[in-house]
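Participant:
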Amino acid sequence: MAVTVVHPYKPVFDSSSKVLILGTIASPKSRENGFYYTHPQNRFWRVVSDILSYPLPQNNSERIKLLLDNNIAIWDVLHSCTISGADDSSIKDPVCNDISYVLNQADIKAIFTTGKTAYKLYNKYCLKDTGFPAICLPSTSPANCRCTYDELKKEYQIILKYLK
C-alpha cells in the first residue's frame, strides 16, 4: 500500500564537508530507527567505514561522527513522495529537497547518489538548480543483491579522491 512520506530528518554535514552522498528517501526501517541507512541488511555503513579504515559505527551518534570526521555529508534527494514500502520504483509525486542548502554551506567537491533512482531523480529535478553533476554509485540496499560487498567497496573507493 502506498503512503505519503515526508523526510523525517535533516542532512548531516558541516562547513568542512567535501562529499555529499544522496539517497532517494528514508526506508521504513530507517524512519523507524531515526537515521539514514539503518536497515540491518543495508551495507552503507559497513562499506563507508571499511573504505575509510574507520571503526564500524554502532549507533547514530557514531554514524554522525564517522561522517563529520571524514568530511562526508549525507541527505536524500526527496523531501516527500508517495511510496509503497521501500520500493523506489513505486515513487509518485516526488518533491525534492533543496540541495543548495548543503552546497551553499559546505565545500562540496563531489555529489554521489546511492543508486539509480536517486541519480535519475537528482538529474531530473535538482541538477538544473545546482548545476552540479552527480556520480551514480550502486545502491547498498539489501534489494540490490546483484552487487556483492566487494563490488560495492570497489565502487565506493572513488569517494576517497574527493576527500583529500
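Just so we're aligned, residue 20 is where the sequence shown starts under my numbering, counting upward by one. The beta-carbon is built from N, C-alpha and C at its ideal position, and this holds for glycine as well. Because the structure is a prediction, the values reported are computed rather than measured.
Hey, Ile154 and Leu39: beta-carbon distance below 8 angstroms or not?
Facilitator: Position 135 of the sequence shown, counted from the first residue, corresponds to residue 154. Position 20 of the sequence shown, counted from the first residue, corresponds to residue 39. Contact flag unset, no.
Participant: Determine, using beta carbons only, whether Ser68 and Leu85 come nearer to each other than 8 angstroms.
Facilitator: Residue numbering aside, residue 68 sits at position 49 when the sequence shown is read from its first letter. Residue numbering aside, residue 85 sits at position 66 when the sequence shown is read from its first letter. Between Ser68 and Leu85, the C-beta gap is smaller than 8 angstroms, which places the two residues in contact.
Participant: With distances taken between CB atoms, is the gap from Trp94 to Asn123 smaller than 8 angstroms?
Facilitator: Position 75 of the sequence shown holds residue 94. Position 104 of the sequence shown holds residue 123. Inclusion of Trp94 and Asn123 in the CB contact set at 8 angstroms is not warranted, their separation being larger than that value.
Participant: Would you mind giving the Cβ-Cβ distance between Ile91 and Ser36, rounded to the nearest angstrom? I have them listed as a contact below 8 angstroms.
Facilitator: What you label residue 91 is simply residue 72 of the sequence shown in a count that begins at 1. What you label residue 36 is simply residue 17 of the sequence shown in a count that begins at 1. Taking a contact as a CB-CB distance under 8 angstroms, the pair Ile91 and Ser36 counts as one, their CB atoms being some 6 angstroms apart.
Participant: DSSP three-state call for Phe63: helix, strand or coil?
Facilitator: One-based indexing of the sequence shown puts residue 63 at position 44. In the structure shown, the three-state DSSP call for Phe63 is helix.
Participant: Just to confirm before moving on: does the CB-CB distance between Tyr28 and Gly42 stay below 8 angstroms?
Facilitator: The count along the sequence shown starts at 1 and reaches residue 28 at position 9. The count along the sequence shown starts at 1 and reaches residue 42 at position 23. No, these two residues do not count as a Cβ contact at 8 angstroms.
Participant: Cα separation between Leu182 and Ser34?
Facilitator: Your numbering for residue 182 matches position 163 in the sequence shown. Your numbering for residue 34 matches position 15 in the sequence shown. Spanning the two alpha carbons is a distance of roughly 13 angstroms.
Participant: Along the chain, where does the beta strand (DSSP E) containing Thr133 start, and where does it finish?
Facilitator: To locate residue 133, count along the sequence shown from 1; it is residue 114. That run of the beta strand (DSSP E) goes Ala129 to Thr133.
Participant: Give the range of the alpha helix (DSSP H) segment to which Ile83 is assigned.
Facilitator: What you label residue 83 is simply residue 64 of the sequence shown in a count that begins at 1. Per DSSP, Ile83 belongs to the alpha helix (DSSP H) from Asn79 to Asp88.
Participant: Would you grab the beta carbon distance between Tyr168 and Arg82 for me? Rounded to a whole angstrom, and I think it's under 8 angstroms.
Facilitator: Numbered from its first residue, the sequence shown carries residue 168 at position 149. Numbered from its first residue, the sequence shown carries residue 82 at position 63. The beta-carbon distance between Tyr168 and Arg82, rounded to whole angstroms, is 19 angstroms. This is too long to meet the 8 angstroms contact definition.
Participant: Suppose the cutoff is 6 angstroms on Cβ atoms and the five residues either side in sequence are ignored; what does the same chain contact list for Cys166 look like?
Facilitator: Locating residue 166 in the sequence shown gives position 147, where the first residue counts as 1. Same-chain partners within the cutoff: Pro157.
Participant: Is the separation between the beta-carbon of Ser136 and that of Thr23 shorter than 8 angstroms?
Facilitator: The count along the sequence shown starts at 1 and reaches residue 136 at position 117. The count along the sequence shown starts at 1 and reaches residue 23 at position 4. Correcting the residue type first, residue 136 is Thr in the shown sequence and not Ser. Result no, Cβ atoms of Thr136 and Thr23 do not sit closer than 8 angstroms.
Participant: With DSSP as the reference, identify every bridge partner of Ala153, one or two as the case may be.
Facilitator: As a working note, residue 153 is residue 134 in the sequence shown. Ala153 pairs with Ile130.
Participant: Could you pull the start and end residues of the alpha helix (DSSP H) that Ser49 belongs to?
Facilitator: The sequence position of residue 49 within the sequence shown is 30, counting from 1. Pro47 to Asn52 is the span of the alpha helix (DSSP H), which, as asked, contains Ser49.
Participant: Could you work out which residue in Leu171, Asp126, Lys173 and Pro161 is closest to Phe151 when comparing CA atoms only?
Facilitator: In the sequence shown, counting from the first residue as 1, residue 151 sits at position 132. Comparing Cα-Cα distances from Phe151 to each of Leu171, Asp126, Lys173 and Pro161, the minimum goes to Asp126.
Participant: Going along the chain, which residues of its own chain have a beta-carbon closer than 7 angstroms to the beta-carbon of Trp64, five neighbours each way excluded?
Facilitator: To locate residue 64, count along the sequence shown from 1; it is residue 45. So the list reads Tyr56, Leu75, Pro76 and Arg82, once near-sequence residues are dropped.
Participant: Nearest to Val114 by alpha carbon, out of Thr133, Tyr144 and Gly134?
Facilitator: As a position in the sequence shown, residue 114 is number 95, starting the count at 1. Answer by Cα proximity: Tyr144.
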